[in-house]
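Here the sequence shown is numbered in the working numbering, starting from 151 and rising by one per residue. A virtual CB, placed ideally from N, CA and C, is assigned to each residue, including glycine. Remember, it's a predicted structure, so these values are computed and weren't measured experimentally.
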Amino acid sequence: MKKIYLFLIILVVALTFYSCADSEYSDKYLDPSKTTKAYCDKLMTGVFYTGRVYTFNSYWRMYTWDNTVTGKYAQTLGFMNSQGSLYSANDSYANDRWVHFYNTLTQFRVLQNVYEGLSDSEKNTYRIFKNLSEVFVYDHLSQIVDTFGDAPFKEAGFLAITGDVAGSYPAYDKATDIYTMMLDRLGELYADIHSIKGSLDKQASASLPKQDFVNYGDLDKWERYCNSLRLRLAVRVASQGDLSAKGKQVIAEILGGGYPLVSSLDETIKLDSNDKDTGAFFNPDDLRTGYISQSRASQAMLDALTRTVSGENDPRLPIMYSKNAAGEYKGLSTHETYAEQEVNIAKPESERIYSRIDSTTVMYNTQFISPIFTAAEVDFLKAEAYQKGWASGDAKAAFVDGILHSSQFYFEENAISPSKDGTKMDMPAESVIRAYAEKAWNAASNKEEAIITQKWLNFGYMQPFQAWNEVRRTGYPQLYYPEDQSAQLLKTLPSRVRYPDSERSNNAKNYDAQIQAMGGTDNAYIKLFWAK
């Protein structure tokens, strides 16, 4: 890993600054306690670093959040149909997701404040670092809104700057207002990044590749990330809700204006595992533990890969999942009883009933790629937009490209893995995959369902939160969710995650006002404004 320096500002109760204490990090971080000036390039890395846990497919993210909450809600991983808490989201884990974002936002507010204090010439040097941080923050802000609904933003994250504890408690912003701001601001950020891309001064040009561990200073990729994120958000709101017209306008602007988007495997926005950096940023041992502990396949995913309308198995199937002991693909199903699942789970490996995530592609892949934005997602965004008439284009061609690019991504994960524990195989010829995708399109009577199901498959067990968003937004794929008759609170699938209990104590006045605006209860069945 390239040597990266950062400022990491951590807020604990009041205004306190800490340096990273672990000796294994000492050669990577600039210690704020030994530095007299905060530099925007280092602060940008601090923003990325603070948000890395929910960007990289880390153990903590996968085990506590993606696999046990959003992966269950999206049915992208198999789970036990235990009664009493089937649909509950652990409050401490929800709180961790919430706190991680607001720590990241605090770091960004410090960067903004430092930037505003610079001279005009210094701003010219450091503007790019502020802009890239802002794109990253909006990716995570959208995830917070899509998880919880309305959330503090405009007034949040300033205590490290002001030191005013009494005035630091932020009001909640409406989800629609936050989305409107992001859709507008991402457009402005793309224009600004594009305008300064070829005119970075010597200092910024030298620092950016060293400080940017997302795209390593590649501003072409940052443009594609920014525009692809904006397109994702625009499509999310376009089908229904108060921002439908706004979403359609942005879609037409991006797709009609030839804006650069993530469009190939080489342009994937991602974080790479580094098996030689065992104590720091992206340790594959950390990732591996998260997947090994929850690796059984979802029957819904296997059905989409095997019971296809064209009658053929999906070409991605053998490198996404392993077969069971009988040589078959079988996953945990929501149609099974808990008692049936317990019996099956208890069987020895020689009689294993359930398929697992492929160990070569994922679990023992020390070079694992954590996707942030893939070309396949963009293809399916285009396909939906074209199919619904929001922009002019060929929906079938975009759909076929989506399956091809998704296959390329999963086979790349498999190819770069040094593990021989699971399936190792070459990708079929492009013509074979395109032929499969064309058959799938031609056989589908409901084109929207076909597009969204493929998009859901592409997200799969690597991006289950985004898969859950598609289920809530469109109702596709059509999944069966059993009623949890023993549960006291959540008997059926919730529409959102309730605010963490910490908000009730840490931001009581604004939390209470928000709950009153929701009708008096923190109701998990209140739909997001964009949901179907």
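First and last residue of the uninterrupted alpha helix (DSSP H) at residue i
i, result
"F609", "597-609"
"L255", "241-266"
"E633", "Neither: E633 is in no alpha helix (DSSP H) and is coded neither H nor E."
"I665", "658-667"
"W618", "614-624"
"A674", "Note, A674: premise wrong, no alpha helix (DSSP H); not H, not E."
"R380", "369-388"
"K398", "394-406"
"G221", "221-224"
"K352", "352-361"
"L309", "309-312"
Among the options, the one whose alpha carbon lies nearest that of residue i
i, options, result
"Y611", "S413, K396, S445, S389", "S445"
"Y675", "A658, S652, L639, N656", "L639"
"M230", "E588, E486, Q616, N673", "E486"
"Y560", "R623, T256, D464", "D464"
"P644", "E620, N673, Q616, R623", "N673"
"S292", "Y319, Y322, I328, E272", "I328"
"H344", "A547, Y375, D300, F363", "Y375"
"A316", "E490, K605, A306", "A306"
"L369", "D662, R380, V285", "V285"
"D216", "G196, V197, A244", "A244"
"I602", "A663, S567, K538", "K538"
"P320", "D508, K641, R654", "R654"
"V287", "L411, G481, E598, T205", "T205"
"L607", "Y626, S567, G348", "Y626"
"V621", "Y479, E633, D296", "D296"
"A363", "F609, G196, A541, D551", "Rather than Ala, the amino acid found at residue 363 in this sequence is Phe. Ranking F609, G196, A541, D551 by Cα distance to F363 puts G196 first."
"Y265", "F279, T254, E417", "F279"
"N240", "L261, S357, Y213", "Y213"
"Y237", "A525, Q399, E633, Y199", "E633"
"S567", "N515, N263, R380", "N515"
"D392", "K347, T326, M331, Q399", "T326"
"L383", "S414, L333, N365, D323", "L333"
"L421", "E527, Q399, G201", "G201"
For residue i, the residue or residues it bridges with in DSSP
i, result
"D323", "A301"
"P521", "K420"
"N448", "Note that residue 448 corresponds to Ser in the displayed sequence, not to Asn. DSSP output for S448 lists L482 as bridge partner(s)."
Residue i classed as buried or exposed, judged by whether at least 16 other C-beta atoms fall within 10 angstroms
i, result
"Y223", "buried"
"V249", "exposed"
"D177", "Its pLDDT being 41, under 50, D177 is placed unreliably by the model, and nothing is read from it."
"I495", "exposed"
"Q361", "buried"
"Y649", "buried"
"Q613", "buried"
"T312", "exposed"
"G408", "exposed"
"Y257", "The sequence shown places Gln at residue 257, not Tyr. Buried is the call here."
"P302", "buried"
"P521", "buried"
"N474", "buried"
"T218", "buried"
"V385", "buried"
"V582", "exposed"
"G669", "exposed"
"A681", "buried"
"A663", "exposed"
"P529", "At residue 529 the sequence reads Asp, which differs from the Pro that was named. Label assigned to D529: buried."
"Y504", "buried"
"V493", "exposed"
"Y199", "buried"
Residue i: CB within 6 Å of a non-hydrogen atom of the ligand COA
i, result
"E490", "With respect to the ligand COA, the structure offers nothing, as it holds no ligand at all."
Starting from the N-terminal side, write out each stretch of the alpha helix (DSSP H) that is 4 residues or longer and does not extend beyond the segment 460-520. 467-470, 488-495
Unbroken stretches of the beta strand (DSSP E), 3 residues or longer, contained in the segment 544-583: none
Entirely within the segment 189-215 and at least 4 residues each: give me those alpha helix (DSSP H) ranges in chain order. 190-200
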